[in-house]
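In what follows, a single structure is set out as structure tokens and then discussed.
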Amino acid sequence: MEEINALMQGFGVALSPFNLMLMFVGVVLGIVIGVLPGLGGANGVAILLPLTFSMAQQPGGTTSAIILLSCIYWGALFGGAITSILFNIPGEPWSVATTFDGHPMAQQGRAGNALTAAFTSSFVGALIAVIMITFLSPVVAGFALRFGPPEFFSVYLLTFCAFVGMAGGNAAKTIASMMIGFALAAVGLDSVTGTLRLTFGTTVLLKGFDFLIAVIGLFGIGEILETLEEGLAFKGAQARMNAKVVVETWKELPRYWATSLRSAAVGCFMGIVPGGATPASFMSYGLARRFSKDGKDFGSGKIEGVVAPETAAHAAGTSALLPMITLGVPGSPTAAVLLGGLLIWGLQPGPLLFVEKPEFVWGLIASMYLGNIVGLIVVLTCVPLLAAILRIPFSIIAPVIIVICAIGAYTVHNSMFDVYLMVVFGVIGYAFKKLRYPLAPLVLALVLGDRAEENFRNAIKGSQGDLLVFFSNTLVGSLTGFALVLLFWPLINAGWRAVARKR
Amino acid sequence: MGEERSAASVRAVEIGVALVVFLFGAVVMFDSFRVGARWGEDGPQPGYFPFYVGLLICVASVTIFVLALRDSSLADKSFVSRESLKKILTVLVPTAVYVALIKYLGFYVASTLYIAYFMWQLGNYPWLKIVPVAVGVSVVFFLVFETWFQVPLPKGPLEAALGLN
Numbered sequence: 017m018e019e020i021n022a023l024m025q026g027f028g029v030a031l032s033p034f035n036l037m038l039m040f041v042g043v044v045l046g047i048v049i050g051v052l053p054g055l056g057g058a059n060g061v062a063i064l065l066p067l068t069f070s071m072a073q074q075p076g077g078t079t080s081a082i083i084l085l086s087c088i089y090w091g092a093l094f095g096g097a098i099t100s101i102l103f104n105i106p107g108e109p110w111s112v113a114t115t116f117d118g119h120p121m122a123q124q125g126r127a128g129n130a131l132t133a134a135f136t137s138s139f140v141g142a143l144i145a146v147i148m149i150t151f152l153s154p155v156v157a158g159f160a161l162r163f164g165p166p167e168f169f170s171v172y173l174l175t176f177c178a179f180v181g182m183a184g185g186n187a188a189k190t191i192a193s194m195m196i197g198f199a200l201a202a203v204g205l206d207s208v209t210g211t212l213r214l215t216f217g218t219t220v221l222l223k224g225f226d227f228l229i230a231v232i233g234l235f236g237i238g239e240i241l242e243t244l245e246e247g248l249a250f251k252g253a254q255a256r257m258n259a260k261v262v263v264e265t266w267k268e269l270p271r272y273w274a275t276s277l278r279s280a281a282v283g284c285f286m287g288i289v290p291g292g293a294t295p296a297s298f299m300s301y302g303l304a305r306r307f308s309k310d311g312k313d314f315g316s317g318k319i320e321g322v323v324a325p326e327t328a329a330h331a332a333g334t335s336a337l338l339p340m341i342t343l344g345v346p347g348s349p350t351a352a353v354l355l356g357g358l359l360i361w362g363l364q365p366g367p368l369l370f371v372e373k374p375e376f377v378w379g380l381i382a383s384m385y386l387g388n389i390v391g392l393i394v395v396l397t398c399v400p401l402l403a404a405i406l407r408i409p410f411s412i413i414a415p416v417i418i419v420i421c422a423i424g425a426y427t428v429h430n431s432m433f434d435v436y437l438m439v440v441f442g443v444i445g446y447a448f449k450k451l452r453y454p455l456a457p458l459v460l461a462l463v464l465g466d467r468a469e470e471n472f473r474n475a476i477k478g479s480q481g482d483l484l485v486f487f488s489n490t491l492v493g494s495l496t497g498f499a500l501v502l503l504f505w506p507l508i509n510a511g512w513r514a515v516a517r518k519r
Numbered sequence: 157m158g159e160e161r162s163a164a165s166v167r168a169v170e171i172g173v174a175l176v177v178f179l180f181g182a183v184v185m186f187d188s189f190r191v192g193a194r195w196g197e198d199g200p201q202p203g204y205f206p207f208y209v210g211l212l213i214c215v216a217s218v219t220i221f222v223l224a225l226r227d228s229s230l231a232d233k234s235f236v237s238r239e240s241l242k243k244i245l246t247v248l249v250p251t252a253v254y255v256a257l258i259k260y261l262g263f264y265v266a267s268t269l270y271i272a273y274f275m276w277q278l279g280n281y282p283w284l285k286i287v288p289v290a291v292g293v294s295v296v297f298f299l300v301f302e303t304w305f306q307v308p309l310p311k312g313p314l315e316a317a318l319g320l321n
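Which chain is which? The protein sequence lines are A and B, in order. Residues in the first sequence are numbered from 17 upward in steps of one, following my numbering. Residues in the second sequence are numbered from 157 upward in steps of one, following my numbering.
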């Protein structure tokens, strides 16, 4: 039981008073961020990342910094449920399925029950995912220690192919968005040869595009513009939360243990695949409707219809961190921002992290347990306060959020150019969102671009330009093969169906 | 309320964006070719990877372009109504002016003006409410960033006059 020992040491790190305080601050900030329009997990973490630069330089500071940022992530996940249920506005794409039954419940005056069910199932989903991370991540990391450049590149390939094949929608748009990310990542000084690429003689582009600026612009400014169009008024249901409602809901929840377990399993599995949280929440909502005995009443305010998507979304959101810490491949945009944070603090995410910085990794995993407990307590007690934040008129909250975004963009490199870029990214984000170009692949490609290219170059350098290096042994061959299967999954699936129909 | 007039159809915007994306991909390919996109003496040249990235961008944008041309249903769908476009521009233009002003007025003064403008234009608040909120928010930001986090933001003539630099 090596993991248990390591985890206990992790708890030792995470339970220091300073880290506990950061956890609390992170969760509260995260919930507020998750509730506010224009601020979500990804750009909330991006804006606060520069503030951790000095913290990360102190001894043990990187662990504190990741605890703060990951707790913002948990908080944002919890906060998304509040807007979905009370205001019928999904804060994140994976809370869409929560609105189906959550909002009708709120309209019937059972908002308290819906919120309690959502928070509790989020907590259960996250807990199951963290337990999985605890036991699975050392195994995956140990396995990945044998990886060389070809293997790493094929893991990246797998990640990006999964986006194209599994995300649905227009594959050409997914590819375009992803490749724009790669192209932006290539701008600036090429680290291998020292050549200037895509700078066109300008000095401002020397440093290249920072993914933090892109995230703040695309998700922050873009979302404000979108909200503006949809209408300024938030019309929300009132939530009455008290101990009686909570206990009453808790008594009812064990009845849905099968739904919870099924949704958590779907979430854990889908979360490891990038972009998996949204399909996971829809899939488990669909499964719950199919297996539940009052499945035909789903959509009219069934507690089970809140339990299923919330459990799955949280399980997926949490397990998205598994590939991030073990392989250096983030499973979601927020995980990508966290990964970018590790790189900025001078840590190399990937299998070596478990060997070189065990206190960091296990401190983070321990903080996942504690952060979610803190999160559950905070959300259950503070809902009326949080709902009040949403009643601040949009014409006040919107400029304040844009000012916060501008400050966040400026502080990344203390550069005004970045603030201008942020506005440009905001307009791109608005247009892309409305035309259904997915934004997550762009962000992931921008974060991973340099590492993917470096591994690609090293791999084909070793093979003297022979692309068959990506099939040179069973490990890399099966990774690449699996990537290709995922890439062409819609075609394979369609072909399979055509064959099946003929029979 | 009548039917909202459309400022642009989805198809028009879809085609326009595809063209811009294509142009971007072409620029990436062109510049990668300039720095060398083939196999050098000791490995791939610096433009090798981005060249194919640019190529994929071009291929994807052509696909999007063709799909949009063939889907006639997109021509009737509205991308944005005139009312919404006006609303978005009343926010986007001041935002552009705001970030441009930061350089001259400093973060805090520009932010105060920006919040005030927003509340006046979109919220129709009386000045009696606008001034305290706008100034208050900036003062809070000043305290949080300059004193608490010790992150200096650009300052302008007002801060200099008050000796806050």
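Every residue gets a Cβ at the ideal spot worked out from N, C-alpha and C, and that includes glycine. Note that the structure is a prediction, hence the values are computed from the model and not measured.
I'd like the list of long-range same chain contacts for residue i, defined as Cβ closer than 8 Å, with 5 residues on each side in sequence excluded.
i: Arg452(A); result: Gly185, Asn186 and Lys189
i: Val439(A); result: Gly233 and Ile237
i: Ile444(A); result: Gly233, Leu234 and Gly238
i: Ala192(A); result: Tyr453
i: Ile508(A); result: Val501
In three-state DSSP terms, what is residue i?
i: Lys233(B); result: coil
i: Ala193(B); result: coil
i: Leu212(A); result: strand
i: Met157(B); result: Interpretation of Met157(B) is limited by its pLDDT of 37, a score under 50 that renders its predicted location unreliable; no figure is taken from the coordinates.
i: Asn233(A); result: The question names Asn, but residue 233(A) in the sequence shown is Gly. Of the three classes helix, strand and coil, the one that applies to Gly233(A) here is helix, per DSSP.
i: Ala336(A); result: coil
i: Leu451(A); result: coil
i: Gly317(A); result: coil
i: Leu205(A); result: strand
i: Gly262(B); result: strand
i: Pro295(A); result: helix
i: Pro309(A); result: The question names Pro, but residue 309(A) in the sequence shown is Lys. Coil.
i: Lys477(A); result: helix
i: Pro200(B); result: strand
i: Ser162(B); result: strand
i: Pro33(A); result: helix
i: Lys311(B); result: strand
i: Thr136(A); result: helix
i: Asp521(A); result: Past the boundaries of the shown model lies residue 521(A); chain A is included only from 17 to 519, so the question cannot be answered.
Which residues in the same chain as residue i place their Cβ atom closer than 6 Å to its Cβ, once the five residues preceding and following it in sequence are excluded?
i: Gly356(A); result: Phe227 and Val463
i: Val220(A); result: Phe433
i: Arg167(B); result: Ala224, Leu230 and Ala231
i: Val282(A); result: Ala296, Met299, Ser300 and Ala328
i: Ile423(A); result: none
i: Ser425(A); result: With the sequence shown as reference, residue 425(A) is identified as Ala, and Ser is not the correct amino acid for it. So the list reads Ile229, Ile232, Asp434, Val435 and Met438, once near-sequence residues are dropped.
Below 8 Å on the Cβ atoms is my guess for residue i versus residue j; work out the distance and round it to an integer in Å.
i: Tyr273(B); j: Pro310(B); result: Between Pro310(B) and Tyr273(B) the Cβ distance is about 19 Å, and since that is not below 8 Å, they are no contact.
i: Gly197(A); j: Ala447(A); result: Not confirmed; about 16 Å, so no contact.
i: Leu248(B); j: Gly312(B); result: No, Leu248(B) and Gly312(B) are not in contact; Cβ-Cβ is about 23 Å, not under 8 Å.
i: Gly91(A); j: Ile49(A); result: 7 Å
i: Phe34(A); j: Ser80(A); result: 7 Å
i: Phe94(A); j: Phe40(A); result: Not confirmed; about 13 Å, so no contact.
i: Tyr89(A); j: Gly46(A); result: 6 Å
Within the same chain, show all residues whose beta-carbon is closer than 7 Å to that of residue i, passing over the 5 residues directly before and after it, in chain order.
i: Ala30(A); result: Ile83, Gly379, Ala382, Ser383 and Leu386
i: Met157(B); result: Reliability of the predicted coordinates at Met157(B) is poor, the pLDDT of 37 falling under 50, and the value obtained from them is presented with this limitation in mind. So no residue of the chain qualifies.
- Item | Every unbroken alpha helix (DSSP H) within the segment 360-432 of chain A, with a cutoff of 4 residues, ordered by chain | 368-372, 374-406 and 410-429
- Using Cβ-Cβ distances below 7 Å, what residues of the segment 411-427 of chain A are close to chain B? Ser411, Ile412, Ala414, Pro415, Val416, Ile418, Val419, Ala422, Ile423, Tyr426 and Thr427
- Taking only beta carbons into account, state which residues of the segment 474-490 of chain A come closer than 8 Å to chain B, listed in chain order. Ile476, Lys477 and Gly481
- In the segment 63-85 of chain A, which residues sit with their C-beta less than 7 Å from some C-beta in chain B, listed in chain order? Leu67
- Task: Could you please tell me which residues of the segment 270-284 of chain B, in chain order, have their CB closer than 7 Å to any CB of chain A?
- Result: Tyr270, Ile271, Phe274, Met275, Leu278 and Gly279
- Residues of the segment 231-248 of chain A whose Cβ lies closer than 8 Å to any Cβ of chain B, in chain order: Ile237, Ile240, Leu241, Leu244, Glu245 and Leu248
- Message: Counting only Cβ-Cβ distances shorter than 9 Å, please list the residues of the segment 302-315 of chain B near chain A, keeping chain order.
- Response: Phe305, Gln306, Val307, Pro308, Leu309 and Pro310
- May I have a chain-ordered list of the beta strand (DSSP E) segments no shorter than 3 residues that lie completely inside the segment 46-91 of chain A? none
- Name, going along the chain, the residues of the segment 146-168 of chain A whose beta-carbon falls closer than 8 Å to a beta-carbon of chain B. none
- Message: To be precise: take each residue of the segment 453-477 of chain A, compare its Cβ to all Cβ atoms of chain B, and keep it if any distance is under 7 Å. Which residues remain?
- Response: Glu469, Phe472, Arg473, Ile476 and Lys477
- Message: Give me the subset of the segment 228-250 of chain B whose CB atoms are less than 8 Å from a CB atom of chain A, sorted by chain position.
- Response: Phe235, Val236, Ser240, Lys243, Ile244, Val247 and Leu248
- Taking a Cβ distance cut-off of 7 Å, strictly less, list which residues of the segment 205-220 of chain B are near chain A, in chain order. Phe205, Pro206, Val209, Gly210, Leu212, Ile213, Ala216, Ser217, Thr219 and Ile220
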